[in-house]
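**Q** After the structure tokens below, expect a handful of questions from me.
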Amino acid sequence: MDFKLSDEQQMMRDSARRFAQTRLAPLVTEDEKAHRFRPELVREMGELGMFGAIIDERYGGTGAGWLASAVMTLEIAKVWASYGLPFNMQMHGPAYTIQTFGTEAQKEKYIPGLVAGKLLGGFAMTEPGTGSDVAGMKSTATKVDGGWKLSGQKTWISQAHVADMVLAYVSTDRAKKAKGMTCFLVDLKGNPGITTRPIEEKFGLYCSPTGEIFFEDAFVPDDAVLGQVGDGFKICMTQLESTRLSCAARAVAVGQAALDAAATYAKERKQFDQPIASFQMVQADLVQMYVEHQAAELLLYKAAVSRDEGDLKNGPEISCAKYFAAEAAVHAANTAMKILGSYGFSLEYPVARLLRDAKSFQIVEGTSNVQKIILGRHLLSLYE
Ligand SMILES: Cc1cc2nc3c(=O)[nH]c(=O)nc-3n(C[C@H](O)[C@H](O)[C@H](O)COP(=O)(O)OP(=O)(O)OC[C@H]3O[C@@H](n4cnc5c(N)ncnc54)[C@H](O)[C@@H]3O)c2cc1C
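So in my numbering, the last one in the sequence shown is 373, and the numbering has no gaps at all.
Have a look at this one:
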């Protein structure tokens, strides 16, 4: 397996790095304080082709591939994890899933806008009573003349109150559980049966909006169904493998940022008349972060390159990458806080933010326990 970046991949990585350094870095401190999200930055990322790597050229993508999307995500999320999320909300979630399951009309309606960052997207599975057990969801769609009426509540949805459209997963036949789920392409604006509201207070990812969606007999037409009625669970699992890989890239990026901050600080900070980096206990912490980061990056690259080589059924590889990278990111950020001492506790340094943001990776796209469940099944199947 070759992890060497092609000229095109290097160009895309460099362009994302330039954007992160010139457009994002100067805004981090101020926007984190204000919990501000800037949709114009998503549009600029779209203009630079960041949301097109796994999308066909005919819908505005570049087709540059999964590794290209991972290396761009790494550059962005290393500087600001909140702006790593739009990769999922635009491309890995809605655009890729519509490209995989949609009709030609659905692809033309949504994908170019999502890729360009002009149309803000999202995906909605989670409900107040339903998280890991996706098939246990309570939201329903009832058949009516010419379409469906959606009822229920979605919560913890990234971009919910700013998005133009979401993939909404609801039950069309509760008795059938997973086989009774259906995915709808829902335009959130201008529908009298849909309201959204932000979740104002959260632990991290301050500049990535999160919110709730309420469906009250919200009418959507028949052609809003993605795939077939009853295909929702299958579509959801396909979408999650795509968004999970992107989450792994964000986690690797935050692990790298924590290592950079800790190593730089350890070389500058003096105690007992010498840099704290000269103490072997501090070195041991840095080495642990470094090795875990290297391993997480390799798992990410392996999963991305497998997909570029045509293996789109590499869920276990993706779960390995996401699980390990999430745990490594939290460990790295936590260790960075330890190395920075009281300055780690200060909001003047970025490591407290890194820890807050890293915790999300253990939750989203299937918690760390859920990844272990997936990997447990896979591992045992190897011994049948
Ligand atoms: C910042 C952020 C953004 C998000 N964005 C989105 C989004 O865009 N769209 C969306 O649909 N959702 C989103 N979510 C929700 C997220 O996907 C869910 O929080 C996640 O799936 C876990 O569900 P839960 O919180 O209900 O936890 P639960 O499922 O209630 O789990 C609670 C705990 O129990 C453990 N657990 C549950 N079942 C098992 C089991 N069988 N075995 C062992 N342990 C188990 C879990 O691992 C976890 O530790 C977001 C969440 C956050 C924090």
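Yeah, the Cβ is synthetic: ideal placement off N, Cα and C, and Gly gets one too.
Quantities reported herein were computed from a predicted structural model and do not represent experimental measurements.
Any heavy atom of ligand 1 within a distance shorter than 8 Å of the CB on Asp122?
**A** Answer for Asp122: yes, Cβ within range of ligand 1.
**Q** If you measure between the beta carbons of Ala315 and Lys67, is that distance less than 9 Å?
**A** Contact: no.
**Q** Reducing DSSP to helix, strand and coil, say where Ala130 ends up.
**A** DSSP places Ala130 in strand when its eight states are reduced to three.
**Q** Helix, strand or coil: which one does DSSP assign to Trp55?
**A** Three-state DSSP puts Trp55 in a helix.
**Q** Which residue comes first and which comes last in the beta strand (DSSP E) that contains Met80?
**A** Unbroken run through Met80: none, as it is neither H nor E.
**Q** Can you tell me the Cα-Cα spacing of Leu229 and Ile265, whole angstroms?
**A** Approximately 42 Å between the Cα atoms of the pair.
**Q** Tell me the rounded alpha-carbon separation between Gly299 and Trp55.
**A** Each residue's alpha carbon lies about 10 Å from the other.
**Q** Can you tell me whether Ala315 sits near ligand 1, meaning its C-beta is under 8 Å from at least one heavy atom of the ligand?
**A** For ligand 1, not one heavy atom lies less than 8 Å from the Cβ of Ala315.
**Q** Using the beta-carbon count (16 or more within 10 Å), is Ala273 buried or exposed?
**A** The residue is exposed, with fewer than 16 neighbouring Cβ atoms inside 10 Å.
**Q** Let's see if you can read the secondary structure: which residues bound the beta strand (DSSP E) around Thr144?
**A** Segment 136 to 147, the beta strand (DSSP E) holding Thr144.
**Q** Would you decide whether Tyr372 is buried or exposed? Buried here means 16 or more other CB atoms lie within 10 Å of its CB.
**A** Exposed, because fewer than 16 other Cβ atoms sit within 10 Å of the Cβ of Tyr372.
**Q** Mind the definition here: the region 72 to 87 touches the region 246 to 259 only if three or more C-beta pairs lie below 8 Å; say whether that holds.
**A** Contact fails: fewer than three Cβ-Cβ distances are below 8 Å.
**Q** Whole angstroms is fine: what's the gap from Val359's alpha carbon to Thr232's?
**A** Approximately 15 Å between the Cα atoms of the pair.
**Q** Taking the Cβ atom as the reference point for each residue, do Gly49 and Val104 lie within a distance shorter than 9 Å?
**A** Yes, Cβ-Cβ distance for Gly49 and Val104 is below 9 Å.
**Q** On the DSSP bridge assignment, give the partners of Pro187 in chain order.
**A** BP columns for Pro187 point to Gly200.
**Q** How about Ser267 and Ser71: are their beta carbons less than 9 Å apart?
**A** Contact flag unset, no.
**Q** If we count Cβ pairs, one from each stretch, closer than 8 Å, do we get three or more for the region 203 to 220 versus the region 90 to 106?
**A** Yes, since at least three Cβ pairs between the region 203 to 220 and the region 90 to 106 fall closer than 8 Å, the two stretches touch.
**Q** Taking only the alpha-carbon atoms, compute the straight-line gap between His367 and Ala341 and give it to the nearest angstrom.
**A** Distance between the alpha carbons of His367 and Ala341 is about 35 Å.
**Q** Verify the contact flag: Glu354, CB atom, against every heavy atom of ligand 1, threshold strictly below 8 Å.
**A** Correct: Glu354 has its Cβ closer than 8 Å to ligand 1.
**Q** Any idea which residues DSSP pairs Lys311 with across the strands?
**A** DSSP output for Lys311 lists no bridge partner at all.
**Q** What's the gap between the Cα of Phe334 and the Cα of Ile183?
**A** Roughly 41 Å separates the two Cα atoms.
**Q** Just the C-alpha distance for Ser160 and Ile146, rounded to the nearest angstrom, thanks.
**A** Straight-line Cα distance between these residues: approximately 17 Å.
**Q** Since Leu174 and Ile100 should fall inside the 8 Å C-beta cutoff, what is the C-beta to C-beta distance between them, to a whole number of angstroms?
**A** Between Ile100 and Leu174 the Cβ distance is about 11 Å, and since that is not below 8 Å, they are no contact.
**Q** What whole-angstrom Cβ distance do Gln142 and Glu116 have, given they're in contact under 8 Å?
**A** 6 Å between Cβ atoms; contact.
**Q** What span of residues does the beta strand (DSSP E) with Tyr195 cover, start to end?
**A** That residue, Tyr195, is in no beta strand (DSSP E); it is neither H nor E in DSSP.
**Q** Could you give the distance in angstroms between the alpha-carbon of Gly200 and the alpha-carbon of Asp346?
**A** About 17 Å.
**Q** According to DSSP, simplified to helix, strand and coil, what is Leu(-6)?
**A** Residue state, collapsed to three classes: coil.
**Q** Would you call Val280 buried or exposed, if buried means 16 or more other Cβ atoms sit within 10 Å of its Cβ?
**A** Val280 should be labelled exposed.
**Q** Please report how far the alpha carbon of Ile43 lies from the alpha carbon of Gln263, in whole angstroms.
**A** The alpha-carbon atoms of Ile43 and Gln263 are separated by roughly 49 Å.
**Q** Give me the DSSP bridge partner(s) of Ala207.
**A** In DSSP, Ala207 forms a bridge with Leu139.
**Q** May I ask which residues mark the beginning and end of the beta strand (DSSP E) holding Leu174?
**A** 170 to 176 is the span of the beta strand (DSSP E), which, as asked, contains Leu174.
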